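Below you'll find the structure, written out as structure tokens, and then a few comments.
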Amino acid sequence: MDLRLKNKRALVTGSSRGLGYATALALAKEGCQVAINGRDEAKIKAVAEKMSKESGAQVIGLVGDVGLTEVPEKLIQQTVDALGGLDILITNAGGPPPGSIDSLDEAAWQKGVDLCLMLHVRLIKAALPYLRKSDSASVLTVTSMSVKQPIANLLLSNSIRMATIGLTKSLALDLGREGIRFNSILPGWTETERVTELMTARATANSSTVEEETRKQSEQSPLGRLGQPEEFANAAAFLVSPAASYITGVMLNVDGGMYKGTL
Numbered sequence: 000m001d002l003r004l005k006n007k008r009a010l011v012t013g014s015s016r017g018l019g020y021a022t023a024l025a026l027a028k029e030g031c032q033v034a035i036n037g038r039d040e041a042k043i044k045a046v047a048e049k050m051s052k053e054s055g056a057q058v059i060g061l062v063g064d065v066g067l068t069e070v071p072e073k074l075i076q077q078t079v080d081a082l083g084g085l086d087i088l089i090t091n092a093g094g095p096p097p098g099s100i101d102s103l104d105e106a107a108w109q110k111g112v113d114l115c116l117m118l119h120v121r122l123i124k125a126a127l128p129y130l131r132k133s134d135s136a137s138v139l140t141v142t143s144m145s146v147k148q149p150i151a152n153l154l155l156s157n158s159i160r161m162a163t164i165g166l167t168k169s170l171a172l173d174l175g176r177e178g179i180r181f182n183s184i185l186p187g188w189t190e191t192e193r194v195t196e197l198m199t200a201r202a203t204a205n206s207s208t209v210e211e212e213t214r215k216q217s218e219q220s221p222l223g224r225l226g227q228p229e230e231f232a233n234a235a236a237f238l239v240s241p242a243a244s245y246i247t248g249v250m251l252n253v254d255g256g257m258y259k260g261t262l
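Counting in numbering that gives the first Met the number 0, the sequence shown runs from 0 upward without gaps.
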């Protein structure tokens, strides 16, 4: 299938590694001009160069912590200045730390709100003037299967990401007549650096090993394994592409069937 992504202009935040990296690379391989983002300047520049060589597409690296108030608008402006406009926005960031109601203080909750909700709000708000000029505008928020099935010891993620789902669905309804599509992917357990960190925390708490914790988590999927970042990226590339032009307001599980509900 031709996704018709050639020469589309995309910004993927939180893309120096993991799901963001895999998604940005998939878009670049489809012919998109891509802006990627991370907090470490040397790393994001090196990743952009590597991705450009691998895909043959224009890839630029932008530095900034999307959890900070002033960064999202800056990233949007830098993207538009470099690429000449914006067609696709994928709002993604690393997840908040694990913790319980007793262990998480007020500052942790506020940081979680900035990281899991407000970064989406700020990026979308800054991007709208440019998306309105695109003939194939699409926004994808990256959330988690935890919005449908809470994950043990991830109270911040379980709680705050649900607001991003409400945001995404509301904007799909509000801005559909303007030709801007809004969808979200709810990834399950995928082999990324963040999941390794979470498995390490579980192993410490359970006096186990990372391998054992990963095996136990894999057994929760009907497919018997964790996902690969490329599998998430394939779904993301389709959803933001013109090939999915009649899909909006969708919250898509990419979780290997780990979510056990029917809705």
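C-beta: ideal position from N, C-alpha, C; glycine also. This structure is a prediction, so every number in the text was calculated from the model and none was measured.
In the three-state reduction of the DSSP assignment, THR12 falls in the coil class. Remark: three or more beta-carbon pairs, one from each stretch, lie closer than 8 Å, so the segment 223–231 and the segment 176–187 are flagged as touching. In the structure shown, the three-state DSSP call for MET257 is coil. Assignment of SER54 by DSSP, reduced to helix, strand and coil, places it in the helix class. Check the Cα spacing between GLY19 and each of THR140, THR195, GLU196: the tightest is with THR140. Residue pairing by DSSP places GLN32 opposite ARG8 in a beta bridge. The Cβ atoms of THR163 and ALA92 lie no closer than 8 Å to each other.
As a beta-bridge residue in DSSP terms, LEU88 pairs with LEU10, VAL138. Shown here for PRO71: same chain residues with a beta carbon closer than 7 Å to its own, the five before and five after excluded, namely VAL65, LEU118, ARG121, LEU122, ALA125 in chain order. Here LYS7 is buried: its Cβ has 16 or more other Cβ atoms, across all protein chains shown, within 10 Å. Here DSSP, grouped into helix, strand and coil, assigns PRO241 to helix. Beta bridge pairing from DSSP links MET250 with SER183. Beta-bridge partners assigned by DSSP to GLY226: THR189.
By the 16-neighbour rule on beta-carbons within 10 angstroms, ARG131 is exposed. Judged by their CB atoms, SER133 and ASP86 are nearer to each other than the 8 Å cut-off.
A Cβ-Cβ contact shorter than 8 Å links ASN182 with VAL249. Here DSSP, grouped into helix, strand and coil, assigns ILE150 to coil. Taking C-alpha positions only, ASN36 is separated from ALA27 by approximately 14 Å. Nearest to ALA151 by alpha-carbon distance, out of MET198, GLN32, ILE89, SER135, is MET198. For PHE231, same chain residues with a beta-carbon under 8 Å away, outside a window of 5 residues either side, are LEU18, ALA21, THR22, ILE184, PRO186, THR189, VAL253 in chain order. At a Cβ-Cβ threshold of 8 Å, LEU61 and ALA34 count as neighbours. Within the DSSP bridge table, the entry for LEU61 names ASN36 as partners.
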